[in-house]
Amino acid sequence: MDKKGVTNKTFIIILIVITSILFFTLAFVFIKYKASKKVIKGKKITEMMYITYSNKNNGIDVDKNFVKNDEDGKKEKDISRYFNFNVESKITDKQTVVYEVVVEKDSKCNINDNDLRIYLERENEGTYIKIFDPKSFKSIKKKSKLGTPKGSMILFNGSYSKDAIEKYRLKVWIKEGTEVNDNTKCHISTKIHGKVK
């Protein structure tokens with residue numbers, strides 16, 4: 779093999795390595811959500827709330843293969859069938875931020891609310907424990923006071939007055955007995971809405 783062929787092979791290998799490194803770096807997606815701003819005595823107070831996640835995309839893509847009963851849904855171990863996310867706060871001015879963590883269905887979702895089962899766990903000393911039993915997707919009828927849009931489901935709400943990180947695991951499945959087909963699909967994503975109290 780001539781030197782030109784060796785050089786081309788080396789270049790291709792280097793290009794593949796660099797592309798792989800960039801891909802894995804970008805896999806850890808970071809989304810910031812700014813809470814509302816509040817002016818106190820001429821001083822602008824900005825508190826920050828974040829959702830961070832390590833999946834390639836924010837949320838879970840549900841399809842016909844997600845039909846199961848609640849017990850099997852809670853025990854799901856396949857990492858492609860659940861979604862880990864963190865709720866983080868950066869409180870800089872001794873203010874309190876109130877917030878809601880919500881799940882939203884995308885506009886192409888063709889699964890009824892009653893047929894979608896939602897289950898949430900929180901990490902505690904390395905183990906995920908349930909926050910609530912599996913429940914049907916329950917969309918709110920109007921925009922909430924914190925800005926959660928109509929049609930979303932509020933998972934939980936709370937408040938922070940100091941820096942904190944809490945880790946959660948969201949599991950979603952289709953209720954056993956629901957009729958599904960090849961076109962059954964729904965993307966479920968998480969968001970956070972908050973404001974300075």
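Our numbering puts the first residue of the sequence shown at 779, with every later residue one more than the last.
Note that CB positions come from ideal geometry on N, CA and C, so glycine has one too.
D856 (DSSP reduced to helix, strand or coil): coil
Buried or exposed (CB count within 10 angstroms, at least 16 for buried), K953: buried
Apply the 10 Å Cβ neighbour rule to E866 and answer buried if 16 or more other Cβ atoms are within range, or exposed otherwise. Residue burial annotation: E866 is buried, with at least 16 other C-beta atoms found within 10 angstroms of its C-beta.
Per DSSP, what are the beta-bridge partners of V876 in this structure? S937 and K973
Judging by CA-CA distance, which residue of E849, V840 and K872 is the nearest neighbour of N890? V840
For the beta strand (DSSP E) holding S914, just list the boundary residues, first then last. T905 to S914 is the span of the beta strand (DSSP E), which, as asked, contains S914.
Say whether the segment 955 to 963 touches the segment 931 to 947, bearing in mind that this needs 3 or more beta-carbon pairs closer than 8 angstroms, one atom from each stretch. Counting Cβ pairs under 8 angstroms, fewer than three are found: no touch.
V950 lies in the beta strand (DSSP E); which residues open and close that run? A942 to K953
Assign T956 to one of three DSSP states: helix, strand, or coil. coil
Going by alpha carbons, who is nearest to D848 out of V875, I790, N888 and D911? D911
Whether N836 touches T956 by CB criterion (8 angstroms): no
Beta-carbon within less than 8 angstroms of F844's beta-carbon, same chain only, minus the 5 sequence neighbours each way: which residues are those? For F844, same chain residues with a beta-carbon under 8 angstroms away, outside a window of 5 residues either side, are R859, V950, W951 and I952 in chain order.
Along the beta strand (DSSP E) that carries L894, what are the first and last residues, could you check? L894 to N902 is the extent of the beta strand (DSSP E) around L894.
Please report the distance separating the alpha-carbon of V881 from that of S930. 6 angstroms
Span of the beta strand (DSSP E) holding I838? I838 to D841 is the span of the beta strand (DSSP E), which, as asked, contains I838.
Thinking C-alpha only, which one of D856, I790 and K872 is nearest S937? K872
Since Y906 and F861 should fall inside the 8 angstroms C-beta cutoff, what is the C-beta to C-beta distance between them, to a whole number of angstroms? Actually they are not in contact, since the Cβ atoms of Y906 and F861 sit about 12 angstroms apart, beyond 8 angstroms.
State the DSSP-derived secondary structure class of I862, mapped to helix, strand or coil. It is worth fixing the name first, because residue 862 is Asn in this sequence and not Ile. Strand at N862.
Hey, out of K908, N786 and G972, whose CA is closest to I896's CA? K908
Thinking C-alpha only, which one of K787, K940, K928 and L894 is nearest V996? Residue 996 is absent from the model: the chain starts at 779 and stops at 975.
Cut-off 7 angstroms between Cβ atoms - residues of its own chain near I943, not counting five sequence neighbours on either side: The residues N864 and E866, in chain order, have a CB closer than 7 angstroms to that of I943 in the same chain once the five nearest residues on each side in sequence are set aside.
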